[in-house]
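Spelled out as structure tokens, the structure:
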């Protein structure tokens with residue numbers, strides 16, 4: 418997947434990140450289902466390069482998680498890139514895209530490796546968005562292999578034999594880069610590769626369940642650009658028609674489509690579209 422680089426005024430961009438990291442939105446879900454929010458001024462996440470799980474776990478948003486003494490350490494040599502990584506973590510947490518456990522345990526394993534790679538190869542990088550991402554990703558995969566971390570995994574399929582996919586750690590650089598790009602993307606929401614229903618609700622009246630953290634549809638997981646655009650076009654039309662097609666329905670459609678598309682293009686890696694799709698493919702998927 419190629420993402421066109423965008424020029425961001427350096428001071429304005431990182432000053433905005435600093436300002437946002439100096440606050441967080443406290444969310445409280447009441448017994449009757451009512452959700453209230455409150456913006457809290459607190460520079461903890463900005464000024465500390467080590468975040469403690471117990472400190473963040475005390476915020477009402479994360480009351481359902483058992484906090485421990487685990488820490489996240491942000492140790493990028495480039496202060497501006499370090500700020501960007503913290504900003505990604507901040508948004509993943511407070512937009513309910515990562516659980517507290519995922520942010521402090523699961524994703525940290527990948528962060529340590531990415532930190533080592535960037536400190537070795539891109540120590541003076543000003544912004545992740547300055548990367549030539551395709552070139553950097555090739556270097557990342559080569560670096561992982563050289564450090565004993567397999568960048569691919571293979572699964573045995575009864576019909577198609579061995580199916581090879583990137584491991585989560587291999588995808589991590591692209592995931593972080595793409596997410597930072599999305600956070601700075603000023604295009605019309607329908608044009609983006611990641612839709613936020615809260616924005617669509619304000620602009621187009623798309624309804625959603627405010628008590629659930631089901632805010633996004635992420636199309637970046639569809640690597641085939643033409644397929645991605647067709648899926649976006651279809652879901653946009655269905656959502657705007659409001660003909661028994663809700664946001665929850667769209668997210669369910671997307672969940673099944675992602676699985677199906679991933680299966681098809683793993684089985685048929687030379688395909689660029691679905692023109693040669695046969696009934697046998699459907700039967701094997703089912």
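Numbering (our numbering), first residue to last: 418 to 703.
Backbone N, C-alpha and C define an ideal beta-carbon position, used for all residues, glycine too.
Extent of the continuous alpha helix (DSSP H) to which residue 647 belongs: 642-658
Who are the near neighbours of residue 678 in its chain, counting only those whose CB is closer than 7 Å to its CB and skipping five residues on each side? 639, 644
Top-ranked residue by Cα proximity to residue 689, from 655, 683, 583, 641: 641
Can you tell me where the beta strand (DSSP E) with residue 456 in it begins and where it stops? 452-458
Cβ-based burial, residue 498 [other Cβ within 10 Å; buried from 16]: buried
Would you mind reading off the limits of the alpha helix (DSSP H) that contains residue 615? 614-621
What would DSSP say about residue 691, mapped onto helix, strand or coil? coil
Does DSSP classify residue 468 as helix, strand or coil? strand
Roughly how many angstroms lie between the CA atoms of residue 501 and residue 696, to the nearest whole one? 46 Å
Rounded separation between residue 604 and residue 687 - CA only: 32 Å
For residue 610, count neighbouring Cβ atoms within 10 angstroms of its own Cβ and tell me buried if that reaches 16, exposed if not. buried
Taking only three categories from DSSP, how would you classify residue 488? strand
Grouping DSSP H, G and I as helix and E and B as strand, with all else coil, what is residue 537? helix
Leaving aside the five residues before and after residue 526 along the sequence, list all residues of the same chain whose C-beta is less than 8 Å from its C-beta, in chain order. 586
Under DSSP, the alpha helix (DSSP H) around residue 594 begins and ends at which residues? 585-600
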